[in-house]
Structure formats: C-alpha cells, structure tokens
Amino acid sequence: MYKRAVFASAILALSGFYLYTLYLAVHPQVSLAYRYYYMEGKTKFWEYNSDLVYHGNELDLSTPSRFLSREGWDGKPGEHGTRLQGDGGLYFVLPKKPETLTVLAKVDNPKAGTLIKIALHDWSTTIKLAKQGLNEIRLDLPGDHLSTDPKQPNYLAISTPEPLNVQTVQMQAAQ
Numbered sequence: 351m352y353k354r355a356v357f358a359s360a361i362l363a364l365s366g367f368y369l370y371t372l373y374l375a376v377h378p379q380v381s382l383a384y385r386y387y388y389m390e391g392k393t394k395f396w397e398y399n400s401d402l403v404y405h406g407n408e409l410d411l412s413t414p415s416r417f418l419s420r421e422g423w424d425g426k427p428g429e430h431g432t433r434l435q436g437d438g439g440l441y442f443v444l445p446k447k448p449e450t451l452t453v454l455a456k457v458d459n460p461k462a463g464t465l466i467k468i469a470l471h472d473w474s475t476t477i478k479l480a481k482q483g484l485n486e487i488r489l490d491l492p493g494d495h496l497s498t499d500p501k502q503p504n505y506l507a508i509s510t511p512e513p514l515n516v517q518t519v520q521m522q523a524a525q
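Under the working numbering, the sequence shown has 362 at position 12, and the numbering climbs by one with no breaks.
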C-alpha cells in the first residue's frame, strides 16, 4: 500500500512538472530581443540582456548590432560596416512616439546611381546614391507610421539591387 502511494505521488509530481513545462513552451516569458533572435530568427545578432528599444545613439555597424534583420546582411561586420545585399532591414522600438524620425546613415557603395528602397509599413521612398564611395543619407520617416508598442517593433525595410556597406545609422526623433 505504501509503495503504491509513493508511486502515485511520483506520477502526479512528474505530470505536474511536465504540464508546467508544456505551458512555458507554449507561453514563453522572454524579452522581445530574445524572442526575435532565438525563437523567430528575425534578428542577426544577440546581445545579452538587451532589448530592441532604440535610444537615439549612433549605431556603428562595423560591430554586431542587435537591430539588424537576419535577411540581407552579411555574417560578419567589417571595418567598413556591414554589407547589405538584396533585402534587409532594422527592427527597433521607440520609447515614445515622435512627430517625425530623421534617419541619418553613412553608406559606402561600389558605383554611382545605386538605388535604395526604404519602406516602413505602407510608406516607402527610393533614394539614388549620388556618387561612388561614401554617401550620407538623410530621410524623414512620418511619425504616424511608427509604433511605440514594445511587443510589435518597427521594421525599417531596406532593399538594394547592388551590394553596399552600411557604416553607421542614427535616428533622431522630432517632438
């Protein structure tokens, strides 16, 4: 009788443990940056204890950045930035909603006239790089297309037919 009670208790304890583990697998309680890197495979690099909130600092893309999408970007950043081929982008969350968000970027491209298409939700624009080599880009994103929801980051899609190196990106909010 005693052995049966111990056996039944062990079965109940293991069942409870496995049900709790199954619940955690279905409802993970992890940060957005963790979810986008490990679970959904959307971002290229992981930074321990990080989030996707962008605070206005300049992103030096000669080092790994947690904001880069997995698609389009080369595996390793180089001294001239991170190479973008085809379609890529940046994921970010804003701490508060701006009227406009000015994007400043330094881009090194192999030939003059390279086109870069930039899109945010249903807004898009195309930029033609004026010269071969280092170009500085400035564009204003409309604030009504930006989200501050920490569970749904903004995705700034960037596509180019020619490979290019993105050296730095900075976003400045106008209130």
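Don't be surprised by glycine CBs; every beta carbon is placed ideally from N, CA and C. Computed from a predicted structure; not experimentally measured.
Cβ contact annotation for Q520 (same chain, cutoff 6 Å, sequence separation greater than five): E408, L454, in chain order. Your pair L470 and N504 checks out as a contact, with CB atoms roughly 7 Å apart and the cut at 8 Å. Going by DSSP, K353 is part of the alpha helix (DSSP H) stretching over 352-376. Under DSSP, A523 takes part in a beta bridge, and its partners are L451. The shortest CA-to-CA distance from P448 to any of L496, S415, F442, G438 is the one to L496. In this structure, DSSP gives G406 a state outside helix and strand, which the three-state scheme calls coil. A direct Cα-Cα distance of roughly 14 Å separates Y384 from A375. The residues T393, W396, in chain order, have a CB closer than 7 Å to that of Y387 in the same chain once the five nearest residues on each side in sequence are set aside. A363 has its alpha-carbon roughly 32 Å from the corresponding atom of L382. Contact between R488 and T432 is absent: CB atoms are separated by about 20 Å, not below the 8 Å threshold. In the DSSP secondary-structure assignment, E486 is bridged to K456. Taking C-beta separations shorter than 7 Å and ignoring five residues to either side along the sequence, the partners of T518 in its chain run E408, L409, D410, L411, A455, K456, following chain order. When the beta-carbon positions are compared, S509 and D437 come within less than 8 Å of each other. Under the three-state reduction of DSSP, D494 is assigned to helix.
For G438, the enclosing beta strand (DSSP E) starts and ends at 432-442.
DSSP places W396 outside any beta strand (DSSP E), giving it a letter other than H or E.
Proximity to Y398 across L491, R416, G439 peaks at R416, based on C-alpha coordinates.
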